[in-house]
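Trainee: Quick note: the sequence shown uses the working numbering, first residue 7, plus one each step.
Backbone N, C-alpha and C define an ideal beta-carbon position, used for all residues, glycine too.
The structure displayed is predicted, hence computed values, not measured ones.
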Amino acid sequence: MSVEHCTVVSLLPWKLTEEKPGLYPGQFNIAAAPKDGISILVVGESVFQFYVGDGRFMPMKEPADVIARSICRDYKLAKLGFKIGEEGTVGPGLFFVEGKFTEEEVKSRFVKQIQDARKEQMDWFEALMNLADDIFARTGRHQAVSDEMRHVCNLLGQTRPWNFDINTLKQTSECPACLSQIPQRAIVCAQCKTIVNQAEFDKRKFKQAS
Ligand SMILES: [Zn+2]
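1) Is the beta carbon of residue 36 less than 7 Å from the beta carbon of residue 22?
2) Do residue 47 and residue 9 have their CB atoms nearer than 7 Å?
3) Work out the CA separation of residue 79 and residue 52 for me, nearest whole Å.
4) For residue 206, which of helix, strand or coil comes out of DSSP?
5) If you drop the 5 nearest sequence neighbours on each side, which residues of the same chain put their C-beta closer than 6 Å to that of residue 166?
6) Is any heavy atom of ligand 1 found at a distance shorter than 6 Å from the C-beta of residue 198?
7) Evaluate residue 82 with the Cβ neighbour count: other Cβ atoms within 10 Å of its Cβ, from every protein chain shown; 16 or more gives buried, anything less gives exposed.
8) Could you tell me which whole beta strand (DSSP E) segments of length 3 or greater appear in the segment 8-56?
9) Using a Cβ-Cβ cutoff of less than 7 Å, which residues in the same chain neighbour residue 31 once the five nearest sequence positions on both sides are dropped?
10) Which one of 62, 90, 105 and 177 has the shortest CA to CA distance from residue 129?
11) For the beta strand (DSSP E) containing residue 179, name the first residue and the last one.
12) Can you tell me which of the three DSSP states residue 115 falls into?
13) Leaving aside the five residues before and after residue 196 along the sequence, list all residues of the same chain whose C-beta is less than 7 Å from its C-beta, in chain order.
14) Looking at the unbroken beta strand (DSSP E) that takes in residue 89, where does it start and where does it end?
15) Tell me the DSSP bridge mates of residue 96?
16) Note down the Cα distance separating residue 59 from residue 151, rounded to an integer number of angstroms.
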């Protein structure tokens, strides 16, 4: 008897998207889980076209548990730092249960699974922080550290030299004197040497370029 519905439970603080080419439905999205909360997706059967020869295909059903298992497994396997070891699993807080449940039902019925997933995810966050430290120590490049690692660093409220928003470096503003595009964090305009941030300039006691 094939399983008609499964409920995938995510504790991830960001949106999850998994694509299963050849399946219909084949795209699965789970919203970011709120802090200390969960986010769920009920999946049903998917259909795929099975080649039977002579240019003919036959629609076949993939049961919900196969779909749910592959969403969880494929997502985890693709992640740096995911590990199944003797001391337990370290990885994204993601699992599924058989049946169709609401978020409240999952919270009251699957307390142990949620606790375990939260611990696995916290251990994974720590592993990601260590990985980011290693990567940055080896390469010295902020770009080598992933957005996920930065996100985790912010969530844990930790400070790291590799954690700053690269986009703020790229943002530009207009110099009020010469109207050229200058970095938003600029203190002196590189084009016309006008001081564009007097407070920072005074603080750093720059000698104005002549
Ligand atoms: Zn200027």
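Mentor: In short:
1) Position 30 of the sequence shown, counted from the start, is the residue given in the question as residue 36. Position 16 of the sequence shown, counted from the start, is the residue given in the question as residue 22. Result yes, Cβ atoms of residue 36 and residue 22 sit closer than 7 Å.
2) Locating residue 47 in the sequence shown gives position 41, where the first residue counts as 1. Locating residue 9 in the sequence shown gives position 3, where the first residue counts as 1. For residue 47 and residue 9, no; Cβs fall outside 7 Å.
3) For the purposes of this step, residue 52 is taken as the residue at position 46 of the sequence shown. For the purposes of this step, residue 79 is taken as the residue at position 73 of the sequence shown. The straight-line gap from Cα to Cα measures roughly 17 Å.
4) By one-based count along the sequence shown, residue 206 stands at place 200. Reduced to three states, the DSSP call for residue 206 is helix.
5) Your numbering for residue 166 matches position 160 in the sequence shown. Closer than 6 Å at the Cβ level, and outside the excluded window around residue 166, lie 159.
6) Position 192 of the sequence shown holds residue 198. It does: the Cβ of residue 198 is within 6 Å (strictly closer) of some heavy atom of ligand 1.
7) In the sequence shown, the residue the question calls residue 82 occupies position 76. By the neighbour-count rule (16 or more Cβ atoms within 10 Å), residue 82 is buried.
8) 12-16, 22-25, 33-36 and 45-49
9) Taking the sequence shown and counting its residues from 1, the one referred to as residue 31 is at position 25. Answer for residue 31: 52, listed in chain order.
10) Start at 1 with the first residue of the sequence shown, and residue 129 comes out as number 123. For residue 129, the nearest C-alpha among the options comes from 90.
11) Here residue 179 is taken as the residue at index 173 of the sequence shown, counted from 1. Where residue 179 is concerned, the enclosing beta strand (DSSP E) stretches over 178-180.
12) By one-based count along the sequence shown, residue 115 stands at place 109. Reduced to three states, the DSSP call for residue 115 is helix.
13) Within the sequence shown, residue 196 is the residue found at index 190, counting from 1. Here the set comprises 188.
14) Residue 89 sits at position 83 when you count from the first residue of the sequence shown. Per DSSP, residue 89 belongs to the beta strand (DSSP E) from 89-91.
15) Reading the sequence shown from its first residue, position 90 is the one you call residue 96. According to DSSP, which records beta bridges pairwise, residue 96 is partnered with 89.
16) For the purposes of this step, residue 59 is taken as residue 53 along the sequence shown, with counting starting at 1. For the purposes of this step, residue 151 is taken as residue 145 along the sequence shown, with counting starting at 1. Between residue 59 and residue 151, the C-alpha separation is close to 48 Å.
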